[in-house]
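K.L.:
Just dropping this structure here.
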Amino acid sequence: MAGPAVGWAGETAARPQTAAPTLAELTYPTMELYAMPAATQTLLDDAAVDVDAWLADEVEQAFAAQEGAAFVSGNGVSKPTGFLSATLSAEASWSWGTLGYVATGAEGAFAASDPGDALVDLVYALKAGYRQNATFVMNRRTQAAVRKLKDSDGAYLWQPPATAGARASLMSFPVAEVEEMPDIDDDETAIAFGDFRRGYLVVDRTGVRVLRDPYSAKPYVLFYTTKRVGGGIQDYDAIKLLKFGTA
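If you read the sequence shown in UniProt numbering, its first letter stands for residue 1, the second for the next number, and so on.
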């Protein structure tokens with residue numbers, strides 16, 4: 001993909017045709033999640049609760065967990081491709097088609113001296129247009145480590161929510177807790193930062209579909225539940241990673 005060519009021109013200067021923007025096709029195949037729980041017809045008839053609704057809710061929660069894991073680290077085989085499965089490149093040599101990363105300077109840890117500087121470098125690896133809606137993404141164990149970081153005045157970089165229902169912030173940017181992100185370890189990209197709405201596309205094809213089958217496994221009623229979903233990176237400029245390594 002490329003943008004249009006533009007240029008300055010004097011009042012009477014010639015204005016030749018310029019190159020037009022070009023597009024490249026991006027494909028995001030939808031994969032199928034499925035579950036087929038069963039319950040006896042007697043249970044469905046006699047239960048004091050709505051078993052149908054309970055099963056549907058449990059399956060939807062399980063689907064959501066599977067989707068979250070795939071969107072982060074899925075390998076693209078019968079599941080979406082996660083953003084951490086992209087080809088990575090150091091930010092200094094970044095090119096389209098790869099996700100850029102900033103290294104902490106220490107294997108499996110923040111640098112011993114000025115550890116918060118790596119987060120500053122990560123924030124400013126992202127272009128200004130993406131920083132407006134950017135979010136830090138990490139798991140709870142990484143958050144525990146980040147919450148202990150302080151600036152030169154001894155103030156914590158992490159700020160708790162200002163009001164009820166608000167998010168905590170790190171360097172004035174919101175933080176999303178995603179359990180599927182990796183732990184801090186040698187050369188792991190345990191923190192992501194970016195505008196994920198622009199960077200990663202989720203394709204939800206048909207929503208959740210439930211087929212109730214009372215015939216195939218008598219005396220059980222089967223609830224064949226499916227969902228088709230896909231996903232992939234659509235803007236490699238919009239997401240940057242923090243790598244816990246020296247390079």
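Think of the CB as a built atom: it goes at the ideal place given N, C-alpha and C, for glycine as much as any other residue. As the structure is a computational prediction, the values presented were derived from the model and not from experiment.
What separation, rounded to the nearest whole angstrom, lies between the Cα atoms of glycine 97 and threonine 87?
P.N.:
In a straight line, the C-alpha of glycine 97 is about 7 Å away from that of threonine 87.
K.L.:
In this structure, does DSSP put tryptophan 158 in helix, strand or coil?
P.N.:
Here tryptophan 158 sits in strand by DSSP.
K.L.:
Might you give, ordered along the chain, the residues of its own chain that have their beta carbon closer than 8 Å to the beta carbon of proline 4, omitting 5 neighbours on each side?
P.N.:
Thr18, Ala19, Ala20 and Pro21
K.L.:
Quick check: the Cα distance between valine 203 and serine 113, rounded to an integer number of angstroms?
P.N.:
Roughly 43 Å separates the two Cα atoms.
K.L.:
Give the secondary structure of glutamate 188 by DSSP, where H, G and I count as helix, E and B as strand, and everything else as coil.
P.N.:
Here glutamate 188 sits in coil by DSSP.
K.L.:
Could you work out which residue in Tyr130, Leu84, Val123 and Ser95 is closest to valine 102 when comparing CA atoms only?
P.N.:
Val123
K.L.:
Helix, strand or coil, according to DSSP, for phenylalanine 223 in the structure here?
P.N.:
strand
K.L.:
Using the DSSP secondary-structure output, state which residues sit across from valine 229 in a beta bridge.
P.N.:
Met31 and Asp204
K.L.:
Report all residues from its chain with a CB closer than 8 Å to the CB of glutamate 60; omit the five preceding and five following residues, and keep chain order.
P.N.:
Val208
K.L.:
Give the DSSP-derived three-state secondary structure of phenylalanine 173 in the structure shown.
P.N.:
Correct three-state label for phenylalanine 173: strand.
K.L.:
Can you check DSSP and say which residues form a bridge with tyrosine 215?
P.N.:
According to DSSP, tyrosine 215 bridges with nothing at all.
K.L.:
Tell me where the alpha helix (DSSP H) around serine 73 begins and ends.
P.N.:
In the DSSP assignment, serine 73 falls within the unbroken alpha helix (DSSP H) covering 51-73.
K.L.:
Under the rule that 16 or more other beta-carbon atoms within 10 Å means buried, what is aspartate 153, buried or exposed?
P.N.:
Residue environment for aspartate 153: exposed (fewer than 16 other C-beta atoms within 10 angstroms of its C-beta).
K.L.:
If I follow the unbroken alpha helix (DSSP H) through glycine 116, where does it start and stop?
P.N.:
No alpha helix (DSSP H) contains glycine 116, which DSSP labels as neither H nor E.
K.L.:
Only counting runs of 4 or more residues, tell me where the alpha helix (DSSP H) segments fall wholly within the stretch 83-148, in order along the chain.
P.N.:
117-125, 128-131 and 140-146
K.L.:
Quick check on the DSSP output: the alpha helix (DSSP H) that includes threonine 42 runs from which residue to which?
P.N.:
41-46
K.L.:
Any idea what DSSP makes of phenylalanine 193, helix, strand or coil?
P.N.:
strand
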